[in-house]
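The structure appears below as structure tokens.
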Amino acid sequence: MYKLGILIVLVLFGAGVMVTAQKQVAITIDDVPNIRKYQLDGKIAFLTYLSENNIPSAIFINESRLLKDSDASNNYLKPWIDDKYVTVGSHTYSHPHYSEVELEEFTKDIIKGLVVSTGLAAQTGKTIDYFRFPFNDLGNDLNEHNAIQDVLDSLHLILTPFTVESSDWMFNSIYEYYLKNDSINKAEEIGRAYVDATMKSFEWMDSLTIAQYGRTVKHIYLCHDNSINADYLPIIVDKLRASDYQFISLDDAMNDEVYQQPSHFHKSWGISWVYRWMTDEEERKKLMRQEPGVMEYYKIYERIRSVPKY
Ligand SMILES: [Zn+2]
7 MYKLGILIVL
17 VLFGAGVMVT
27 AQKQVAITID
37 DVPNIRKYQL
47 DGKIAFLTYL
57 SENNIPSAIF
67 INESRLLKDS
77 DASNNYLKPW
87 IDDKYVTVGS
97 HTYSHPHYSE
107 VELEEFTKDI
117 IKGLVVSTGL
127 AAQTGKTIDY
137 FRFPFNDLGN
147 DLNEHNAIQD
157 VLDSLHLILT
167 PFTVESSDWM
177 FNSIYEYYLK
187 NDSINKAEEI
197 GRAYVDATMK
207 SFEWMDSLTI
217 AQYGRTVKHI
227 YLCHDNSINA
237 DYLPIIVDKL
247 RASDYQFISL
257 DDAMNDEVYQ
267 QPSHFHKSWG
277 ISWVYRWMTD
287 EEERKKLMRQ
297 EPGVMEYYKI
307 YERIRSVPKY
């Protein structure tokens, strides 16, 4: 009986480890640094939250965001790069659509975007190994996808995919609009909607990978350096923890063998890699149509964008 008890405990413990080990996510943040926001707030609240809670993240930098004044990189970019939980990545200099510019021009923009951050990273013993495409636009067709992959290989940069995102850029535009117009209740409503959309997006992608691979994968969550994440990512983190997610580094996530798979999607749209790995185009389209939508908020976003002087 005693031995049986031990066995049951071991089996349960093993199952528990399996469950927790399967639900993991790396947070990745594009369009860093958001200097306009840091200056308004007088602090980098997003970084402070992640750092104080020991949450790893990977940042993707646009150096065009650094102001002409030379203190900007020291005041607003260096704190991110110096943080021990932060992996440093590049996101080009000026955030162009690769599908809309020539290969040579795009390549020059990548190289220009590495100058300041490589120097700052070296000061703290880090290197820049990861690159994320602006808009996750990898080019119009297979030839363009292959051509830029060769460029990344020559620069020793790893293309950074993502599995989950929830249109945080759109929710953020509405959120900031309401904050600016003193509609605090509406802003909070949008914040909660962003949290709900994100949790639904995780559930959806988990359901797809379980159907496809029989397991959850090490997710890579894509979001941006903006107001709604500074205020609501902490709530998303709490909810993910309550759903047994662990927060891991981008290196750790990329060790999942799913990321070794080739992409079968060769257009310019910035869709999740969970869809890109699907070989059946019709099946991919069908599942994308079934994805939990955010259309009602997109309509608000479009309306706000049409308001003059915003
Ligand atoms: Zn971006």
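Be aware that the sequence shown starts at 7, since it is given in our numbering, and climbs by one per residue. Glycine included, C-beta positions come from ideal geometry on N, C-alpha and C.
Taking the Cβ of aspartate 37 as the reference point, at least one heavy atom of ligand 1 falls within a distance shorter than 6 Å. Scanning Ile226, Lys74, Ile242 for the CA closest to the CA of valine 170 turns up Ile226. Looking from the CA of tryptophan 275, the closest CA among Glu106, Thr54, Ser70 belongs to Glu106. Taken through DSSP and simplified to helix, strand or coil, serine 172 comes out as coil.
Within the model, the alpha-carbon separation for cysteine 229 versus serine 172 is close to 8 Å. Taking C-beta separations shorter than 6 Å and ignoring five residues to either side along the sequence, the partners of serine 269 in its chain run Arg282, following chain order.
Ligand 1 never approaches proline 167 closely enough for any of its heavy atoms to be under 6 Å from the residue's Cβ. Distances between the C-beta of proline 140 and the heavy atoms of ligand 1 include at least one below 6 Å.
Under the 8 Å Cβ criterion, the stretch 53 to 69 does not count as touching the stretch 107 to 115, having fewer than three qualifying pairs.
Of Thr215, Gln28, Trp86, the smallest CA-CA separation from aspartate 37 is found for Trp86. Counting only the Cα atoms, lysine 114 lies some 32 Å from valine 31. Inside the stretch 247 to 271, DSSP marks whole alpha helix (DSSP H) runs of 4 or more residues at positions 256 to 260, from first to last along the chain. For the 7 Å CB-CB criterion, tyrosine 251 and valine 201 do not form a contact.
For leucine 293, the closest alpha carbon among the candidates Ser70, Asn142, Thr215 is that of Thr215. Contact annotation: the stretch 79 to 93 touches the stretch 61 to 71, with at least three C-beta pairs closer than 8 Å. Under the three-state reduction of DSSP, valine 107 is assigned to coil, being neither helix nor strand. Cβ atoms of alanine 203 and valine 300 come within 8 Å of each other, at about 5 Å.
Alanine 236 and asparagine 152 have their C-alpha atoms some 36 Å from each other.
For asparagine 187, the number of other beta carbons within 10 angstroms of its own is below 16, and it is reported as exposed.
For tyrosine 200, the enclosing alpha helix (DSSP H) has its first and last residue at 190 to 219. Under the three-state reduction of DSSP output, lysine 49 falls in the coil class, being neither helix nor strand. Nearest to alanine 259 by alpha-carbon distance, out of Thr93, Tyr82, Lys118, is Thr93.
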